[in-house]
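Here is the structure we will look at, set down as structure tokens.
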Ligand code: NAD
């Protein structure tokens with residue numbers, strides 16, 4: 110297999126690149142703009158392999174993307190490049206619309222042009238896998254779960270941009286017959302996670318005995334998916350999924366945010382005892398505007414139709430994640446010092462995020 114992975118220097122994309130290059134032996138071209146969220150150190154363990162290549166490119170740049178298709182001649186595209194942080198989308202939505210909506214359109218058109226000129230047998234096997242989020246479904250109030258037929262109801266600039274991109278992908282399947290697949294997954298966590306997101310932020314603040322910010326009352330629920338389970342699910346969908354279909358991917362692990370934070374505190378206390386119990390550092394802070402209350406995925410379709418199931422429970426996955434951060438300061442310390450130190454993002458009274466800082470990719 111020759112696969113283009115977009116966003117392969119990001120959190121999930123880099124886990125996918127490592128898995129495909131190292132464990133599956135596929136030929137991978139990592140196409141990434143290298144925004145603040147990217148880190149080529151995350152793919153350093155595979156970057157010297159003959160079946161891995163990297164090109165720095167913006168998915169909004171049609172000429173570059175067309176050239177990449179023509180030169181690399183992929184069998185499939187796995188599209189993960191995106192602006193991905195809800196808080197940043199609240200303060201500064203333009204980049205989300207540009208990359209997530211316009212960039213997906215550019216990629217779909219480049220893929221369609223390339224695919225339409227392939228011989229029939231290769232047109233048949235070509236795949237375009239679009240990686241999306243359960244946040245497109247909105248917020249659950251009661252005990253329900255998101256299924257593939259749940260109506261879209263995005264409520265943040267981020268989720269609205271991802272919902273838009275999902276609709277574009279569906280339209281390219283229906284209108285042009287491009288062989289697409291869509292996955293909507295729940296919140297990922299695991300190694301190499303940029304420390305602006307809840308789990309790595311809390312782990313690193315706990316290690317440094319800093320306040321542990323919890324939004325609102327801490328009772329919001331996220332359904333946690335270990336990133337290495339996720340990338341196996343994506344590969345399964347690419348290999349065995351039915352084109353035109355959507356697959357929800359979740360680890361059957363809905364947990365309240367406060368319980369996530371408390372579990373991290375206890376694990377850090379256990380591995381790296383401090384002067385005080387880390388739970389004493391928990392600080393409730395003003396809630397995220399429009400904060401979705403609860404997400405929970407029903408992954409029955411991918412489990413029964415494709416035979417994928419998450420290996421990690423939340424307990425095993427969070428312990429592995431804490432241990433990874435304890436052992437890999439070489440990866441996260443430069444990010445904390447040079448790219449993002451943990452300041453609060455996404456309050457409406459904040460001035461827009463400094464674009465220079467966002468564009469900085471010194472890590
Ligand atoms: P991330 O922010 O860690 O990485 C995104 C990557 O995309 C970065 O390497 C960045 O440089 C690259 N990128 C951004 N704009 C680009 C552009 N214009 N052209 C080329 N590359 C660009 O994101 P992630 O957490 O790895 O998420 C990957 C995908 O999975 C995204 O599409 C996201 O919406 C989706 N997703 C993520 C989660 C999660 O919990 N992280 C959950 C559901 C879905």
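Numbering (the numbering used here), first residue to last: 110 to 472.
The beta-carbon is built from N, C-alpha and C at its ideal position, and this holds for glycine as well.
Review point. Quick one: what's residue 365 bridged to in DSSP?
Key: 330
Check your understanding: Once you ignore the five residues that flank residue 428 on each side, which residues in its own chain have a CB closer than 7 Å to its CB?
Key -> 376
Check your understanding: When the Cα atoms are used, what is the spatial distance from residue 276 to residue 215?
Key -> 14 Å
Check your understanding: the ligand NAD heavy atoms versus the CB of residue 143: any closer than 7 Å?
Key -> yes
Review point. Which stretch, first to last residue, makes up the alpha helix (DSSP H) that contains residue 344?
Key: 336 to 349
Review point. Buried or exposed: where does residue 393 fall if 16 or more other Cβ atoms within 10 Å of its Cβ makes it buried?
Key: exposed
Exercise for review: Mind checking who residue 161 pairs with in its DSSP beta bridge?
Suggested key: 137
Review point. Can the beta-carbon of residue 333 be found closer than 8 Å to that of residue 212?
Key: no
Review point. Sorry if obvious, but does the Cβ on residue 121 come closer than 7 Å to a heavy atom of the ligand NAD?
Key: yes
Exercise for review: Just the C-alpha distance for residue 187 and residue 112, rounded to the nearest angstrom, thanks.
Suggested key: 7 Å
Check your understanding: Do residue 217 and the ligand NAD come close, with the Cβ less than 7 Å from some heavy atom?
Key -> no
Review point. Between residue 412 and residue 418, which are expected to be in contact by the criterion C-beta below 8 Å, what is the C-beta distance as a whole number of angstroms?
Key: 5 Å
Review point. Do residue 406 and residue 254 have their C-beta atoms closer together than 8 Å?
Key: yes
Check your understanding: Buried or exposed: where does residue 452 fall if 16 or more other Cβ atoms within 10 Å of its Cβ makes it buried?
Key -> exposed
Review point. Is residue 461 buried or exposed, if buried means 16 or more other CB atoms sit within 10 Å of its CB?
Key: Any reading at residue 461 must be qualified, since the residue scores a pLDDT of 48, below 50, and its modelled position is unreliable; the value itself is stated next. Exposed, since its Cβ has fewer than 16 Cβ neighbours within 10 Å.
Exercise for review: Would you tell me roughly how many angstroms separate the C-alpha atoms of residue 302 and residue 120, rounded to the nearest one?
Suggested key: 5 Å
**Study point:** Three or more C-beta pairs below 8 Å linking the region 429 to 448 and the region 383 to 402
**Key:** no
Practice item. Under 8 Å Cβ to Cβ from residue 386, same chain only, skipping five residues before and after it: list those, please. Key: 374 and 378
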